[in-house]
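Protein sequence lines correspond, in order, to chains Z and F. Taking my numbering, the leading residue of the first sequence gets 242, the next gets one more, and so forth. Taking my numbering, the leading residue of the second sequence gets 242, the next gets one more, and so forth. Okay, so here's the structure we're looking at.
Protein chains: 2
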Amino acid sequence: MHRTHTCGELRAEHIGQTVTLSGWVQTRRDFGGMTFIDLRDRYGITQLGFNEEQDKELNTRARSLGREFVVKVHGEVIERSNKNDKIPTGNIEIKVTAFKVLNASLTPPFTIENDTDGGEEIRLKYRYLDLRRNPIQEKLVLRSKLNKAVRDYLNDADFIDVETPYLIKSTPEGARDFVVPSRMNEGQYYALPQSPQTFKQLLMVSGLDKYYQIVKCFRDEDFRADRQPEFTQIDCEMSFVERDDVLDTFEGMIRSVFKSVKDLELGDIPKLTYDEAMRRFGSDKPDMRFGMELVDLDDVAKGNGFGVFDNAGSVVAINVTGGNKYTRKELDAFTDWVKRPQIGALGLIYCRVNEDGSYKSSVDKFFDQEKLAQWAEKSDSKANDLILVLSGETEKVRKQMNELRLHIGDLEGLRPKDKFAACWVVDFPLVEYDEESDKWHAMHHPFTSPIPADRDKMETDPGTVKANAYDMAINGMEVGGGSIRIHDKTLQKRMFDLLGFTPEEAQEQFGFLMNAFEYGAPPHGGIAFGLDRLAAILTGTDSIRDVIAFPKNNMGRDIMIDAPAPLNADQKKELGMP
Amino acid sequence: MHRTHTCGELRAEHIGQTVTLSGWVQTRRDFGGMTFIDLRDRYGITQLGFNEEQDKELNTRARSLGREFVVKVHGEVIERSNKNDKIPTGNIEIKVTAFKVLNASLTPPFTIENDTDGGEEIRLKYRYLDLRRNPIQEKLVLRSKLNKAVRDYLNDADFIDVETPYLIKSTPEGARDFVVPSRMNEGQYYALPQSPQTFKQLLMVSGLDKYYQIVKCFRDEDFRADRQPEFTQIDCEMSFVERDDVLDTFEGMIRSVFKSVKDLELGDIPKLTYDEAMRRFGSDKPDMRFGMELVDLDDVAKGNGFGVFDNAGSVVAINVTGGNKYTRKELDAFTDWVKRPQIGALGLIYCRVNEDGSYKSSVDKFFDQEKLAQWAEKSDSKANDLILVLSGETEKVRKQMNELRLHIGDLEGLRPKDKFAACWVVDFPLVEYDEESDKWHAMHHPFTSPIPADRDKMETDPGTVKANAYDMAINGMEVGGGSIRIHDKTLQKRMFDLLGFTPEEAQEQFGFLMNAFEYGAPPHGGIAFGLDRLAAILTGTDSIRDVIAFPKNNMGRDIMIDAPAPLNADQKKELGMP
């Protein structure tokens with residue numbers, strides 16, 4: 242037997258017992274004739290004690306143990322003289338009477354500590370060692386709990402866990418597929434799913450009623466920071482539902498997850514329309530942890546001879562409570578920040594509200610105290626606040642202001658990682674126009690239904706048609722999205738027409754779904770959550786790589802196993818690959 | 242709102258309530274001025290009633306509803322005059338006051354009944370309709386419960402659910418990999434995992450201690466009946482364990498699954514060594530639902546001048562209790578059966594035990610009553626039994642007898658699908674010799690450890706070395722298998738040497754695992770269960786296709802979505818594919 246207890250289990254009540262533990266040598270401390278070793282496993286750390294006086298040979302052997310050696314020790318649980326109240330086993334130690342080295346270890350290329358000295362590249366190469374560190378291990382444990390909390394909720398709500406296939410058919414629409422050559426069917430390929438979208442809709446046609454799956458999805462995108470070619474979705478679909486049935490169900494799920502995993506009651510989850518979210522926050526995934534909402538200054542800022550405003554689509558402000566503390570230099574830095582190409586603003590206007598209630602703006606030439614008082618009134622600014630103003634094309638300026646709002650939110654400490662605020666964004670546009678291809682593109686996907694009241698405009702004014710689609714955002718990040726689907730083949734055909742699919746293209750790519758709709762498809766809708774992103778938010782990390790056991794780097798490469806890699810000649814020949 | 246209740250929910254206690262139901266038209270029956278419709282959803286069937294006298298127009302509209310139309314009905318729950326005690330809703334019906342057709346349906350290409358008239362090909366093409374049938378839908382529901390039962394047990398036992406990557410590196414050893422060309426790294430490929438074997442071992446190196454995952458695996462095999470290119474594994478690994486720790490844990494899991502899913506106490510799970518299983522049953526996955534064990538007749542059958550026996554490696558018998566009932570013609574059919582090329586026996590000897598205790602054998606010329614009495618004693622045969630005897634090369638004849646035993650077991654009704662008997666088979670050979678390549682092959686995989694006592698024979702007599710490996714069989718089918726792994730790099734190198742890997746090949750294919758073993762790998766072992774097979778056994782079906790929502794056919798083709806399929810020219814160009 243390798244152990245009677247784990248390294249996190251022993252307490253004062255075990256004193257006097259003879260035990261066997263196995264684990265890794267975390268640290269060794271030699272004091273005169275005494276040797277202390279912290280033995281580590283997933284469950285905790287237990288201190289081992291060796292005494293030269295009692296057993297010289299054993300103590301000498303203990304001193305040969307290096308970091309990360311795997312040992313099995315046998316001994317008595319005794320009271321610790323130097324108690325450590327920072328760890329649960331801190332009241333005891335093991336007086337070791339015998340031990341065995343189960344495996345030696347080379348010196349690891351970086352320290353196995355909470356704050357390691359290893360850079361990301363070397364930690365990815367030796368991921369199995371990085372995974373020994375508490376901060377990473379805890380994230381994987383939390384992810385496992387998250388997974389369980391989701392399943393518990395959905396199982397209780399009568400959802401059926403159904404696995405859909407991974408070897409499917411490529412659909413050239415949307416992001417690029419990863420493909421898999423078929424050896425048995427030369428010149429033919431499977432594709433890996435970007436999502437089980439069509440299959441879950443088919444499951445609704447088949448009457449499964451409520452489906453879920455936690456499933457890997459694949460997207461062959463050009464690499465960018467914090468994207469993984471494979472990612473995990475909580476994928477769900479329900480029949481005979483309307484929008485609010487879906488929102489209620491999954492609001493319940495997210496609440497249940499926060500309760501189970503973080504023991505936290507998630508506050509209200511407000512529903513914002515897309516238009517409202519864009520107007521108030523400049524984002525379709527607003528960070529609701531703080532206010533500082535966008536204020537439209539058009540009617541008080543325009544028409545004062547200041548061309549920058551007068552010629553702008555919108556003049557938009559935010560009020561930074563207590564923001565008058567920022568120095569002129571800091572304000573200049575804000576200006577530089579919004580002028581960076583990633584943000585793309587042409588400049589930033591500010592207006593300080595002084596302690597005495599007077600105003601000092603960067604456009605005093607055009608706006609007197611009375612005018613500025615109107616700005617302040619509009620944006621609910623008080624003494625010592627700071628009003629920041631951007632102007633330009635409406636959609637652009639709102640997005641720029643969203644970025645600035647988040648930036649200042651960070652500076653002001655309004656976005657703590659242990660605070661969580663969720664919201665729904667609903668009534669997205671159905672389609673968006675792409676100038677390059679001169680085509681309308683589905684904002685979600687081609688199976689998303691338009692809001693019934695807007696259907697008549699699909700052919701005449703598609704840009705104004707709202708979709709019966711919804712996203713959930715937490716802390717400014719999209720964590721889930723879905724829609725009520727089109728279940729009627731006539732409407733589906735109108736949608737394909739709108740998106741510029743010829744009937745042949747539609748038939749070739751989605752024929753099996755359209756055929757299925759001929760045989761009694763029920764009204765249905767669903768949602769998919771990004772498990773990686775959700776786990777990242779719950780663990781307070783910015784990178785989804787931290788919540789994936791074996792992530793790829795930003796170039797889509799697994800540098801631990803060195804994949805992708807060339808095939809050998811036999812494999813290539815069999816597959817007919819070049 | 243589409244429904245207030247499901248179609249399986251209403252009972253006598255709901256009588257008088259006004260309800261809304263949605264579902265599919267299962268059947269319509271027109272009687273004079275009355276129309277009855279069975280409305281179906283996943284949860285059950287509810288009878289709808291229409292009455293011409295009360296609402297002529299509604300009744301007329303109801304008569305236009307065809308099979309599989311989707312309708313939403315509104316009405317009052319009333320007591321049913323003709324009660325149906327076969328269904329839970331049989332005491333009530335809905336007096337419909339209004340309804341709406343949510344979707345029409347073409348006439349399905351086969352009947353949506355428990356016993357459908359559709360052949361397998363058409364049912365696979367219209368899988369979404371086949372999935373509407375109860376027998377298939379129930380299997381998916383059970384599979385979902387199985388999934389949950391497994392997770393509940395493993396979560397309770399402190400296993401962590403960790404996802405391992407799907408885009409990994411090809412290892413030419415073993416079965417063929419499916420590969421995925423990397424667009425961003427021309428000429429390089431990912432491979433889809435045949436199992437997460439190396440990753441779960443790395444998770445043990447990383448100290449995760451107990452890991453599980455329910456995960457898709459992929460094998461590009463030449464197609465044969467009831468193989469799927471993608472299949473699902475319950476994949477598990479534990480650290481600091483010995484064999485019986487693993488067996489106890491997963492015996493508990495299987496018991497828990499049978500209890501949760503079938504409300505059934507699984508009996509004892511005996512442990513047989515591989516040698517014992519082969520001797521007693523001629524199989525390493527014996528069907529333990531019945532006896533009829535193999536009996537070695539060597540010492541009573543050889544040396545009697547019957548050359549067939551005398552020159553055979555082994556003479557093996559089974560006793561068929563009450564088998565004297567079989568006619569001569571039936572016995573001839575058994576002979577033909579074992580002589581088929583799939584079995585490959587040269588002939589079959591029988592010995593009837595007559596009611597009066599006398600014997601009648603097909604080899605009376607060589608064996609008198611006294612000799613045959615010895616056969617009967619050896620094989621514990623009584624009056625009216627039948628002894629069947631095969632002879633030949635020991636290993637072959639045992640396997641042939643296993644087939645015959647199962648065949649007769651079927652005929653005798655000893656293998657009912659609602660009876661379950663599991664066993665462990667342990668101490669498999671470590672390697673088997675392949676004449677063609679003149680190489681030793683790992684019977685499980687190259688990371689399986691030899692039994693400590695046998696290690697010295699690895700170089701001198703590898704064929705006799707037993708592996709610390711184990712399989713679980715239920716009802717004669719292998720459902721799981723695993724081993725205690727090699728955690729020591731010296732032993733791992735000896736194993737690679739034995740398997741004929743050059744150090745370079747070993748380093749190239751498994752270098753990252755061997756490197757990991759340099760940094761303190763703990764003793765570890767694990768197991769993987771085939772979820773598809775387990776679900777098939779639990780649902781009493783012979784084909785795993787029945788428990789997969791969207792299976793491929795025997796040619797690895799999804800005939801519903803028509804995959805695999807050619808890529809379009811752009812895709813091929815981007816990927817550099819021919």
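A virtual CB, placed ideally from N, CA and C, is assigned to each residue, including glycine.
For Z/P792, there is no enclosing alpha helix (DSSP H), as DSSP marks it with neither H nor E. Within the DSSP bridge table, the entry for F/K601 names F/R593 as partners. Between the region 791-801 of chain Z and the region 460-479 of chain Z there are three or more inter-stretch CB-CB distances shorter than 8 Å, so the stretches are counted as touching. Inclusion of F/G316 and F/V337 in the CB contact set at 8 Å is warranted, their separation being smaller than that value. Here Z/N595 is exposed: its Cβ has fewer than 16 other Cβ atoms, across all protein chains shown, within 10 Å. Under the 10 Å beta carbon count, F/F499 is surrounded by 16 or more other beta carbons and is classified as buried. Membership of F/S497 in the alpha helix (DSSP H) is indicated by the continuous run 484-503. DSSP, reduced to helix, strand and coil, places F/L372 outside both helices and strands of the structure shown, so it counts as coil. Partner residues in the beta bridge of F/A769, as assigned by DSSP, are F/D476, F/G722. Cβ contact annotation for Z/G274 (same chain, cutoff 8 Å, sequence separation greater than five): N292, E293, E294, N300, in chain order. For Z/N795, no chain F residue has a Cβ inside 7 Å of its Cβ, as the nearest lies near 11 Å away.
Judged by DSSP in its simplified three-state form, F/Y407 adopts coil rather than helix or strand. Collapsing the DSSP output to three states places F/Y515 in a helix.
Nearest in C-alpha terms to Z/E719, of all of Z/G771, Z/D697, Z/A747, is Z/G771. Setting aside the 5 residues that flank it on each side, F/G781 is surrounded in the same chain by K658, D659, each with a C-beta closer than 7 Å to its C-beta; the list follows chain order. Proximity of Z/W665 to chain F, defined by a Cβ-Cβ separation below 8 Å, is not satisfied. In the DSSP annotation of this structure, Z/H728 is not part of any alpha helix (DSSP H), being labelled neither H nor E. F/R484 and Z/E492 have their C-alpha atoms roughly 45 Å apart. In the DSSP assignment, the residues bridged to Z/K680 are Z/D675.
Shown here, Z/F277 sits in a strand according to DSSP, grouped into three states.
Every beta strand (DSSP E) of 3 residues or more that sits fully in the region 517-567 of chain Z is shown, in chain order, as 555-561. In this structure, DSSP gives Z/I401 an extended state, which the three-state scheme calls strand. The straight-line gap separating the alpha-carbon atoms of Z/N643 and Z/L589 is approximately 14 Å.
Excluding five sequence positions before and after Z/C664, the CB atoms of its chain that fall closer than 7 Å to its own CB belong to I510, P511, L513, P527, M529, A714, given in chain order. Counting the other Cβ atoms within 10 Å of the Cβ of F/I328 gives fewer than 16, which makes it exposed. For Z/Q454, DSSP records a beta bridge to Z/D476. Listed along chain F, no residue sits closer than 9 Å to Z/H682 by beta-carbon distance, the nearest being about 18 Å off.
F/I475 has its alpha-carbon roughly 27 Å from the corresponding atom of Z/M445.
For Z/M425, a Cβ of chain F is located within less than 8 Å of the residue's own Cβ. DSSP places F/K619 in the uninterrupted alpha helix (DSSP H) bounded by 610-619. DSSP, reduced to helix, strand and coil, places F/I584 outside both helices and strands of the structure shown, so it counts as coil. Between the region 733-750 of chain Z and the region 453-468 of chain Z there are fewer than three C-beta pairs closer than 8 Å, too few to call the two in contact. When Cβ-Cβ separations below 8 Å define contact, F/T473 makes contact with chain Z. Burial state of F/T490 is buried, judged by a 10 Å Cβ sphere holding 16 or more other Cβ atoms. Boundaries for Z/I363: no beta strand (DSSP E) harbours it, while the alpha helix (DSSP H) harbouring it runs 361-366, taken from the DSSP string. Listed by position along chain F, the residues whose Cβ is nearer than 8 Å to that of Z/A806 are K410, S411, Q429, Y430.
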